[in-house]
Amino acid sequence: MMSTLSKNNSVEKLAEIDEIRFRFLRIVSNWSVKQAIMVHLAESYQVKQRTFLLNIGNIRLNAELIGRVFGIPSRGDPFPALDDGIPYHVSIKKRFYRQTTTELRDLVYSYPMATESDRMEFRRYFLLVIMKMFLCPTTQQVISPWHIFPVLDVTDLRRFNWPLDTLKWFDKAVEKYKLKGNKTCEGCMFVMLVGRNDY
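Following the working numbering, the numbering of the sequence shown begins with 64 at its first residue and continues without gaps.
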């Protein structure tokens with residue numbers, strides 16, 4: 064997606080991505096990693112200790128490490144909770160829940176940037192795609208309820224602690240993977256490679 068925006072010379076959209084401190088996505092490599100490596104890393108990860116137990120040594124994973132790699136602060140506020148008593152929250156949930164990644168990615172490419180309201184909507188589409196594909200991927204092809212929390216208020220996305228929440232999502236994904244014995248692990252696979260390459 065980032066390469067497509069660059070090829071299309073979408074200057075305003077790339078500037079908006081920089082503004083919300085997601086510039087790091089422009090330099091993330093399109094790595095091709097064997098599934099066997101990812102499975103091994105997921106199985107070696109101890110959620111309670113947040114540590115990879117590997118033959119080469121133990122690798123501790125934390126929000127600070129993720130923040131350093133992503134180039135974003137590992138501090139900030141938690142995401143707002145979805146409140147069904149707030150009409151605006153209900154409206155956001157209805158609009159985005161169960162939308163597909165493809166639908167949202169098409170909106171990222173095509174949505175105008177003429178007004179402040181347009182920019183805020185672009186942020187929502189962009190963040191939902193990034194969470195679904197990168198920060199908090201799932202095996203389902205549609206947006207899940209927890210993907211919606213960060214887009215309830217997109218006026219100042221830099222105030223949120225993205226590294227910590229990415230780590231929490233990853234912890235839950237590995238727990239689910241181990242509990243259910245799935246063939247694939249959800250969660251940010253880049254986090255596993257961060258831990259492995261930081262050693």
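All C-beta atoms in this analysis are idealised placements derived from N, C-alpha and C, irrespective of residue type, glycine included.
- In terms of Cβ geometry, residue 110 and residue 237 form a close pair [threshold 7 Å].
- CA-CA distance, residue 172 to residue 118, rounds to 44 Å.
- Residue 215 places its beta carbon 7 Å or farther from that of residue 122.
- By the Cβ criterion, the segment 192-206 is not in contact with the segment 175-183, since fewer than three pairs of Cβ atoms, one from each stretch, lie closer than 8 Å.
- Scanning its chain for C-beta atoms nearer than 6 Å, with the 5 sequence neighbours on each side dropped, one finds around residue 105 the residues 237, 240 and 248, in chain order.
- Judged by DSSP secondary structure, residue 159 falls within the alpha helix (DSSP H) whose first and last residues are 150-159.
- Apart from sequence neighbours up to five positions away, the residues of its chain that approach residue 116 with a beta-carbon distance below 7 Å are 107 and 109, ordered along the chain.
- When the beta-carbon positions are compared, residue 167 and residue 205 stay at least 7 Å from each other.
- Taking every protein chain shown into account, the CB of residue 229 has 16 or more other CB atoms within 10 angstroms, so this residue is buried.
- Annotated as distal: residue 83 and residue 226, with beta-carbon spacing of 7 Å or more.
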